[in-house]
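The opening residue of the sequence shown carries number 1 in the UniProt record's numbering; numbering runs sequentially from there. Think of the CB as a built atom: it goes at the ideal place given N, C-alpha and C, for glycine as much as any other residue. Small disclaimer: the values here were computed from a predicted structure and weren't measured. Scroll down for the structure; my scribbles are underneath it.
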Amino acid sequence: MLYGGIPQDIVRRNPKITSNTIKKYLDYFEDSFLIESAQRYDIKGKAYIETPKKYYFSDLGLRNARINFRQFEQTRSMENVIYNELRMRGYSVDVGVVPAAEKDRNGKVTRKQLEVDFVCNLGSSRYYIQSAYILPDEAKRTQEVRPFRKIDDSFKKIIITRDMVPTRYDEYGILTVNIYDFLLDPKCLEK
């Protein structure tokens, strides 16, 4: 998975490469179906944002072979697998952004942009999905739920985790499903 910050990282390490060159290569990779992009969507403002897109590999096997199986990041790979599965099921998939004002330790209010990994649309159905490789404790679960709590609509909110947990709803109506059930049951989001 590639992030919008990649051009700046590459340009910083090799000043001979411009951001424009990186963008052209990303466009070439997208045109050749090696990667797909997801636009950022302001959930509260109901509009697309002109910030960097998020990129996902169409085939993780090709990606892993190209880098000689050196960098296997399970959290990013799982997110990429979820993205590919959602696209295969016919959803249009964006990355959600939720503005939030929160108090820091000193009581000062700061504005943040919280990310929802996927905003999935198919017909009149919409799902907000977080990919959480593991949920080892309540602090991690709270972190994953935080963006959902800032969304004021009634569309379904879902956490997909690698943990072998039974499919269940919490007290906020957020569905937690394990990755295996998600991949094996195309109807699991509708439960």
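Reduced DSSP secondary structure (H/G/I, E/B, other) of residue i
{"i": "residue 104", "result": "coil"}
{"i": "residue 2", "result": "Residue confidence for residue 2 is low, a pLDDT of 45 falling below 50, so the modelled location carries little weight; the figure read from the coordinates is stated next. Three-state DSSP puts residue 2 in a strand."}
{"i": "residue 26", "result": "helix"}
{"i": "residue 42", "result": "strand"}
{"i": "residue 71", "result": "coil"}
{"i": "residue 140", "result": "helix"}
{"i": "residue 21", "result": "helix"}
{"i": "residue 64", "result": "helix"}
{"i": "residue 186", "result": "coil"}
{"i": "residue 83", "result": "helix"}
{"i": "residue 116", "result": "strand"}
Residue nearest to residue i in terms of C-alpha spacing, selected from the options
{"i": "residue 169", "options": "180, 152, 188", "result": "188"}
{"i": "residue 46", "options": "36, 119, 142", "result": "119"}
{"i": "residue 164", "options": "132, 106, 143, 139", "result": "132"}
{"i": "residue 178", "options": "134, 15, 86", "result": "134"}
{"i": "residue 180", "options": "160, 88, 100", "result": "160"}
{"i": "residue 56", "options": "69, 87, 67, 71", "result": "87"}
{"i": "residue 58", "options": "48, 14, 83, 69", "result": "83"}
{"i": "residue 79", "options": "185, 90, 54, 48", "result": "54"}
{"i": "residue 40", "options": "139, 92, 15", "result": "92"}
{"i": "residue 142", "options": "176, 167, 166", "result": "176"}
{"i": "residue 85", "options": "100, 73, 72, 36", "result": "36"}
Separation of residue j from residue i, as counted between CA atoms
{"i": "residue 113", "j": "residue 42", "result": "9 Å"}
{"i": "residue 34", "j": "residue 50", "result": "23 Å"}
{"i": "residue 171", "j": "residue 145", "result": "11 Å"}
{"i": "residue 25", "j": "residue 76", "result": "21 Å"}
{"i": "residue 123", "j": "residue 157", "result": "17 Å"}
{"i": "residue 193", "j": "residue 153", "result": "The shown model of the chain, from 1 to 191, leaves out residue 193, and the question about it has no answer."}
{"i": "residue 63", "j": "residue 106", "result": "44 Å"}
{"i": "residue 185", "j": "residue 90", "result": "15 Å"}
{"i": "residue 191", "j": "residue 121", "result": "17 Å"}
{"i": "residue 166", "j": "residue 136", "result": "15 Å"}
{"i": "residue 30", "j": "residue 23", "result": "10 Å"}
{"i": "residue 21", "j": "residue 69", "result": "26 Å"}
{"i": "residue 139", "j": "residue 16", "result": "43 Å"}
Beta-carbon contacts of residue i that lie in its chain and below 8 Å, excluding the five residues immediately before and after
{"i": "residue 103", "result": "109, 110"}
{"i": "residue 116", "result": "43, 95, 96, 97, 98, 128, 129, 130, 147, 148, 151"}
{"i": "residue 199", "result": "Not covered by the structure: residue 199. The range shown for the chain is 1 to 191."}
{"i": "residue 48", "result": "39, 40, 41, 42, 94"}
7 Å CB neighbourhood of residue i in its chain, flanking five on each side removed
{"i": "residue 155", "result": "126, 127, 128"}
{"i": "residue 74", "result": "133"}
Close-in-space but distant-in-sequence residues of the same chain around residue i (CB under 6 Å, 5 per side omitted)
{"i": "residue 28", "result": "none"}
{"i": "residue 101", "result": "109, 111"}
Residue i classed as buried or exposed, judged by whether at least 16 other C-beta atoms fall within 10 angstroms
{"i": "residue 66", "result": "exposed"}
{"i": "residue 52", "result": "buried"}
{"i": "residue 38", "result": "buried"}
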